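Working notes, structure below.
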Ligand code: UDP
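Numbering (our numbering), first residue to last: 639 to 1130.
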């Protein structure tokens, strides 16, 4: 064989070998990717409480789990809630909360919780049975702590369990102390209270969650909130939508009592680490966002000039409070974008929208993440719902806190005094935040030289730490990977 023929032959053999090896590698790889164990397993059920502020973080967490390798995730909600949602494209199952035609306004939370537990336990057990007999059994249940009964159902079927707290650990810690009796209710104090030793700030009564503040007038509610910790010692995993740097000390304290893991911020990946392509939305909205008009308007405003105002999906400020806010926005001398849900619109002063057309835009709902990310937005007047707070922290937007109820008072305290990215507007003796106070806070956040500088540099700091927490190797990412690995190790 002449030399050139030999070289050609060797080249052909090399080519064949490369092709064979590539083929082999591809088939091994695709087997590993397509079939990690049994097709579609491990299979997680994710049970969220049917409120926007609970749905957003849990569903976004599901997307993280899917991205981290869990092949099958089924969202579980209530029949009545499913009827109210449009364009829902994810696999979903419904259980009953005992109010399949909607929860009547007259039903008290206690009655709702009781009935929900009875009907929910039964229909969840039926769902687990159904999935078993249809060949796609569940292996794990992740549930909202407002449904503590889920644990018993899941454990009866031998499933792995994970409870998902949608409130920050500073708030969880207060409820946990109320649950164990360490925090005596009613809270009688004049001089402030230190919930745990160390750097946790001394709290005034007005910094506590409203259900703890109001224990005397409504003891049942504070009990319901503390009940979130019922059985927590029997749960395999405890997840919290926060990140380690943000709540380091209190998280370490909680770890002594439960298998707690921080996994947040549970915001769509494209706003943080950008590792989940196209993930720019939570994906399930109760309200229809008014998108184009918001961005057409925002695009015309100067950089960091706009006051964005929203009190979330649930808060119902009084007519008087809405008027004070309306007049503050009229006189603050800044463009404003205000989310006023359709149910609240009648509380606006007459002709308000028309009168403020040149400086403001009032919409019934907006795509909040994109709005907060917009360069024109300079400040967020917020009720301090935990998702809104975490979104503002993660997107670097300073806040004016106007807490309304529930955990919002505590979140506002931390925004002002611990994370130092905003001002809390003070209430007068009637519990009202007056227009002058709102204007004062907005001006300090946006123009107060020293304050603005401190808040802006802290906002940048938290934004970076939030991204790092969920990015590869960050504290939340590691916790998610640890959970996914433990699921993958399950024997079917
Ligand atoms: N949100 C939104 N558009 C709005 C107002 C709010 O998309 O116009 C979203 C917001 O991004 C957040 C959620 O609704 O994720 C509200 O949750 P939060 O915990 O802040 O308040 P809640 O509605 O539970 O009081």
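We put the beta carbon where it would ideally sit given N, CA and C, even for glycine.
Here the structure is a predicted model, which is why all the values come from computation and not from measurement.
Through-space distance from residue j to residue i, alpha-carbon basis
{"i": "residue 817", "j": "residue 1031", "result": "29 Å"}
{"i": "residue 791", "j": "residue 1128", "result": "19 Å"}
{"i": "residue 1087", "j": "residue 803", "result": "37 Å"}
{"i": "residue 953", "j": "residue 1007", "result": "19 Å"}
{"i": "residue 864", "j": "residue 894", "result": "18 Å"}
{"i": "residue 797", "j": "residue 912", "result": "32 Å"}
{"i": "residue 765", "j": "residue 873", "result": "20 Å"}
{"i": "residue 973", "j": "residue 1013", "result": "13 Å"}
{"i": "residue 1058", "j": "residue 1093", "result": "6 Å"}
{"i": "residue 1105", "j": "residue 694", "result": "18 Å"}
{"i": "residue 1103", "j": "residue 1064", "result": "29 Å"}
{"i": "residue 716", "j": "residue 866", "result": "19 Å"}
{"i": "residue 1024", "j": "residue 1049", "result": "7 Å"}
{"i": "residue 827", "j": "residue 843", "result": "7 Å"}
{"i": "residue 705", "j": "residue 1101", "result": "22 Å"}
{"i": "residue 813", "j": "residue 1074", "result": "34 Å"}
{"i": "residue 938", "j": "residue 932", "result": "10 Å"}
{"i": "residue 920", "j": "residue 1062", "result": "28 Å"}
{"i": "residue 942", "j": "residue 1003", "result": "21 Å"}
{"i": "residue 801", "j": "residue 714", "result": "14 Å"}
{"i": "residue 1113", "j": "residue 986", "result": "44 Å"}
{"i": "residue 824", "j": "residue 841", "result": "15 Å"}
Run of the beta strand (DSSP E) containing residue i, from where it starts to where it stops
{"i": "residue 1034", "result": "Looking at the DSSP string, residue 1034 is not in any beta strand (DSSP E), and its letter there is neither H nor E."}
{"i": "residue 781", "result": "778 to 781"}
{"i": "residue 898", "result": "898 to 900"}
{"i": "residue 1040", "result": "Residue 1040 -> no beta strand (DSSP E), and no H or E assigned at all."}
{"i": "residue 1131", "result": "There is simply no residue 1131 to check, as the chain begins at 639 and stops at 1130 in what is shown."}
{"i": "residue 904", "result": "Element bounds for residue 904: n/a, residue is neither H nor E."}
{"i": "residue 800", "result": "798 to 803"}
Limits of the alpha helix (DSSP H) - the one that residue i falls within
{"i": "residue 755", "result": "747 to 771"}
{"i": "residue 1080", "result": "1073 to 1084"}
{"i": "residue 1048", "result": "1046 to 1055"}
{"i": "residue 941", "result": "Segment: none, residue 941 is in no alpha helix (DSSP H) and carries neither H nor E."}
{"i": "residue 723", "result": "No alpha helix (DSSP H) contains residue 723, which DSSP labels as neither H nor E."}
{"i": "residue 1126", "result": "1113 to 1126"}
{"i": "residue 787", "result": "It is not in any alpha helix (DSSP H) - residue 787 carries neither H nor E in the DSSP assignment."}
{"i": "residue 699", "result": "690 to 705"}
{"i": "residue 1009", "result": "1006 to 1011"}
{"i": "residue 890", "result": "886 to 893"}
{"i": "residue 985", "result": "Note, residue 985: premise wrong, no alpha helix (DSSP H); not H, not E."}
{"i": "residue 846", "result": "No alpha helix (DSSP H) holds residue 846; DSSP gives it neither H nor E."}
{"i": "residue 807", "result": "807 to 818"}
{"i": "residue 860", "result": "857 to 864"}
{"i": "residue 990", "result": "990 to 993"}
{"i": "residue 1097", "result": "1087 to 1108"}
Contact set for residue i: own chain, Cβ-Cβ below 6 Å, skip 5 residues either direction
{"i": "residue 759", "result": "787 and 791"}
{"i": "residue 1116", "result": "none"}
{"i": "residue 849", "result": "859, 860 and 863"}
{"i": "residue 737", "result": "718"}
{"i": "residue 991", "result": "1000"}
{"i": "residue 1005", "result": "927 and 929"}
{"i": "residue 745", "result": "none"}
Beta-carbon proximity list for residue i, same chain, < 7 Å, skipping 5 on both sides
{"i": "residue 1070", "result": "958, 959 and 962"}
{"i": "residue 1021", "result": "949, 950, 953, 1040, 1041, 1042 and 1046"}
{"i": "residue 888", "result": "807, 808, 811, 834 and 838"}
{"i": "residue 789", "result": "799, 869, 872 and 873"}
{"i": "residue 731", "result": "712, 714 and 765"}
{"i": "residue 845", "result": "1047, 1048 and 1051"}
Per DSSP, the bridge partner or partners of residue i
{"i": "residue 946", "result": "975 and 1018"}
{"i": "residue 999", "result": "975"}
{"i": "residue 681", "result": "710"}
{"i": "residue 966", "result": "According to DSSP, residue 966 bridges with nothing at all."}
{"i": "residue 733", "result": "716"}
{"i": "residue 827", "result": "None; residue 827 has no bridge partner."}
{"i": "residue 877", "result": "802 and 899"}
{"i": "residue 1070", "result": "In the DSSP output, where bridge partners are listed per residue, residue 1070 has none listed."}
Residues near residue i in its chain [Cβ-Cβ closer than 8 Å; skip 5 each side]
{"i": "residue 702", "result": "901, 904, 907, 914, 1108 and 1118"}
{"i": "residue 1110", "result": "911 and 913"}
{"i": "residue 1077", "result": "966, 969 and 970"}
{"i": "residue 678", "result": "709, 710 and 774"}
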